[in-house]
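S.K.:
There are 2 protein chains.
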Amino acid sequence: MLNQPSPLDLTFQALADPTRRALVERLVRGPASVSELAQPLKMSLPAVMQHLAVLESSGLVRSEKVGRVRTCRIDAAQLSLAEQWINQRRMEWAGRLDRLGRYLETLKDEDGEES
Amino acid sequence: MLNQPSPLDLTFQALADPTRRALVERLVRGPASVSELAQPLKMSLPAVMQHLAVLESSGLVRSEKVGRVRTCRIDAAQLSLAEQWINQRRMEWAGRLDRLGRYLETLKDEDGEES
DNA sequence: TGGTTGGTTAAGCATATACTTTAGTATCGT
DNA sequence: ACGATACTAAAGTATATGCTTAACCAACCA
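Read top to bottom, the protein sequences are chains D and H.
The opening position of the first sequence corresponds to residue -2 in this note's numbering, with each subsequent residue numbered one higher.
The opening position of the second sequence corresponds to residue -2 in this note's numbering, with each subsequent residue numbered one higher.
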């Protein structure tokens, strides 16, 4: 993976970590400062900052610093992107099963009409 | 991450790699053998097998070997799991924005009624 | 029976991830 | 001005990831 990762790579990668999902779960309930986000987590502040950096580089989270406090908020557009990718695959798969089922049905019907 | 990863960890981690997403994209169009899956990819067979192992340990893909050929198929349930997690967060966020908007609206109304 | 096909195992290697501790640098309150 | 607060930067470390190549095994097929 020496070529630069796509937005989808970054988004799924960001969501693959339980700490980062916890951060997202917190942020959907409203914006929060870095130390506010770090408080319930049992790891160092720099560790939390690194997780936030991952979330931010994926586009899932944006943040702005005013004075000495950085306020983070989630960006739902990126969540949608990931959701859409999964949904499209699931739909494709469901559609296939549906067509397959219908096809097997026609086979049974033809069988019934036989002889 | 020395404690064992959750199903959600494994699923998002599996989807974070473009090669593995390509495998999923192929498999939603129907089951395939290992070498069939490897053929369009420009990497060694063992590399593809390792990606398949990741997909399988996440539950996104199941496979069975008959004779000397292993046939892989996707398991949509695991796709749903990931999709649901995202969807719930997105809903939560949307709901919050909605409530916030309504609240601001009431403030404006009260403001209008003032003095 | 012996070669080809389809898959598997093992080992090795470069880079990436998830932390840590230590040492900062700007605010902000008094 | 001075200390506390909120964050940041840098470096180090252990483990994980994404490959590779070189064997190897177990059908199948002539």
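All C-beta atoms in this analysis are idealised placements derived from N, C-alpha and C, irrespective of residue type, glycine included.
Look up Ala11 (chain D) in the DSSP assignment and say whether it is helix, strand or coil.
M.R.: Helix, per DSSP.
S.K.: What residues from chain H crowd round Arg87 (chain D), counting only those whose CB sits closer than 7 angstroms?
M.R.: Ala73, Leu76, Ser77, Glu80
S.K.: Just the C-alpha distance for Arg70 (chain H) and Thr103 (chain H), rounded to the nearest angstrom, thanks.
M.R.: 53 angstroms
S.K.: Ordered along the chain, which non-local residues of its own chain (more than five positions away) have a Cβ less than 6 angstroms from that of Leu94 (chain H)?
M.R.: Taken in chain order, the list of residues that qualify is empty.
S.K.: Looking at the structure shown, is Lys62 (chain H) part of a helix, part of a strand, or coil, going by DSSP?
M.R.: Strand.
S.K.: Below 7 angstroms on C-beta distance, what does Glu22 (chain D) contact in chain H?
M.R.: Arg86
S.K.: Beta carbon of Ala79 (chain H), beta carbon of Leu5 (chain H): below 8 angstroms?
M.R.: It is a contact, given that the beta carbons lie within the stated cut-off.
S.K.: Are Ala73 (chain H) and Trp82 (chain D) close, meaning C-beta to C-beta below 8 angstroms?
M.R.: no
S.K.: Candidates H:Pro37, H:Ser41, H:Lys62: which alpha carbon is nearest Arg23 (chain H)'s?
M.R.: Arg23 (chain H) has its Cα closest to that of H:Pro37, out of H:Pro37, H:Ser41, H:Lys62.
S.K.: Take Leu7 (chain H) as the anchor and find which of D:Asp14, D:Pro2, D:Thr8 has the nearest alpha-carbon.
M.R.: D:Asp14
S.K.: By the criterion of Cβ-Cβ separation under 8 angstroms, what are the contact partners of Asp6 (chain D) in chain H?
M.R.: Ala13, Asp14, Pro15
S.K.: May I ask you to report which of helix, strand or coil DSSP gives Ser30 (chain D)?
M.R.: Strand.
S.K.: With 16 as the cutoff for other CB atoms within 10 Å, does Gln10 (chain H) come out buried or exposed?
M.R.: buried
S.K.: At least one CB of chain H closer than 8 angstroms to the CB of Ser3 (chain D): is that the case?
M.R.: Yes, because at least one Cβ of chain H sits closer than 8 angstroms to the Cβ of Ser3 (chain D).
S.K.: How long is the line joining the alpha carbons of Val63 (chain D) and Arg17 (chain D), rounded to whole angstroms?
M.R.: 23 angstroms
S.K.: With a 10 Å radius around its C-beta and 16 neighbouring C-beta atoms as the bar for buried, classify Ala35 (chain D) as buried or exposed.
M.R.: Counting every other CB atom within 10 Å of its CB across the protein chains shown gives Ala35 (chain D) a total of 16 or more, marking it as buried.
S.K.: Anyone know if the C-beta pair for Leu52 (chain D) and Val58 (chain D) falls short of 8 angstroms?
M.R.: yes
S.K.: How many Å lie between Glu33 (chain D) and Glu61 (chain H) at the Cα?
M.R.: 48 angstroms
S.K.: Would you list the one or two residues that DSSP bridges to Thr16 (chain D)?
M.R.: Answer is none; Thr16 (chain D) lacks a bridge partner.
S.K.: So, are the CB atoms of Arg86 (chain D) and Leu76 (chain H) less than 8 angstroms apart?
M.R.: Their beta carbons are under 8 angstroms apart, which means Arg86 (chain D) touches Leu76 (chain H) by this criterion.
S.K.: Identify the residues that DSSP records as bridge partners of Ile71 (chain H): which are they?
M.R.: H:Val58
S.K.: Using only the alpha-carbon positions, how far apart do Val66 (chain H) and His48 (chain H) sit?
M.R.: 17 angstroms
S.K.: Mind checking Ser3 (chain H): buried by the 16 CB within 10 Å criterion, or exposed?
M.R.: Result: exposed.
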